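Residue numbers (this note's numbering): -5 to 156.
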């Protein structure tokens, strides 16, 4: 029964977990992080909730954090950086988004990119639903402020007089 449940979870959520990791890490570590995430799932199959995707995202997030810490300990200059991929773009929205803290970016990613409810995002972030709602509201406000600031410094088109 547990093997069957694991296989079902893996089949249903493998691509979502891969996409989640791919948006947060370089390609060279994606397979390792996804594999480790599902290894944890198999080991803890009795603890996996009925809706496993937020739980899997949480495991993947923690696995990525472990990779970052491991790489930080490596003294070699050629060590792999597992920081989040570079900027998501070079437009006004991308610049405003990239100027946010990682904490703000992650709650916005979970809701906007991963399509999670705030309750499920709270599961991934390891906080209460109320705390997640507050984080999300504050992150949206900070993003809006950065967008407004960017718009206010944007050069306005000159009026043509004839």
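Ideal Cβ placement from N, Cα and C applies to all residues, glycine included.
Every value quoted in this text rests on a predicted model; they were computed, and no experiment measured them.
Quick check: the region 128 to 142 against the region 101 to 111, are there 3 or more CB pairs under 8 angstroms?
Judged by Cβ distances under 8 angstroms, the region 128 to 142 makes contact with the region 101 to 111, as three or more pairs qualify.
Just reading off the alpha helix (DSSP H) that residue 106 is part of, what are its end residues?
For residue 106, there is no enclosing alpha helix (DSSP H), as DSSP marks it with neither H nor E.
For residue 59 versus residue 15, is the C-beta distance shorter than 9 angstroms?
No, Cβ-Cβ distance for residue 59 and residue 15 is not below 9 angstroms.
Here's the rule: buried if 16 or more other CB atoms are within 10 angstroms of the residue's CB, otherwise exposed. What is residue -4?
By the neighbour-count rule (16 or more Cβ atoms within 10 Å), residue -4 is not buried but exposed.
Do residue 7 and residue 50 have their beta-carbon atoms positioned less than 9 angstroms apart in this structure?
Result yes, Cβ atoms of residue 50 and residue 7 sit closer than 9 angstroms.
What residue does the alpha helix (DSSP H) around residue 35 start on, and which one ends it?
Residues 21 to 37.
Considering only C-alpha positions, which residue in the set 24, 120, 19, 33 is nearest to residue 4?
If we check each option's Cα against that of residue 4, 33 comes out closest.
Would residue 52 be called buried (16 or more neighbouring beta carbons within 10 Å of its own) or exposed?
Label assigned to residue 52: buried.
To which residues of the same chain is residue 48 closer than 7 angstroms at the C-beta, ignoring the five residues directly before and after it?
Excluding residues up to 5 positions away in sequence, 110, 114, 117, 118 lie with their Cβ nearer than 7 angstroms to the Cβ of residue 48 in the same chain.
Would residue 112 be called buried (16 or more neighbouring beta carbons within 10 Å of its own) or exposed?
So residue 112 counts as buried.
Between the Cα of residue 38 and those of -1, 138, 140, 18, spot the shortest distance and give me the residue it belongs to.
The shortest C-alpha separation from residue 38 is found at -1.
8 angstroms Cβ shell around residue 137 - same chain, five flanking residues per side excluded:
Result list for residue 137: 90, 91, 94, 98, 102, in chain order.
Helix, strand or coil: how does DSSP classify residue 85 here?
Looking at residue 85 - three-state DSSP - the assignment turns out to be coil, as it is neither helix nor strand.
When the Cα atoms are used, what is the spatial distance from residue 87 to residue 145?
Answer to the nearest angstrom: the Cα atoms are 10 angstroms apart.
Contact defined as beta carbons within less than 8 angstroms: I believe residue 11 pairs with residue 19. What is the distance between those atoms, to the nearest angstrom?
That belief does not hold up - the Cβ atoms of residue 11 and residue 19 are roughly 12 angstroms apart, past 8 angstroms.
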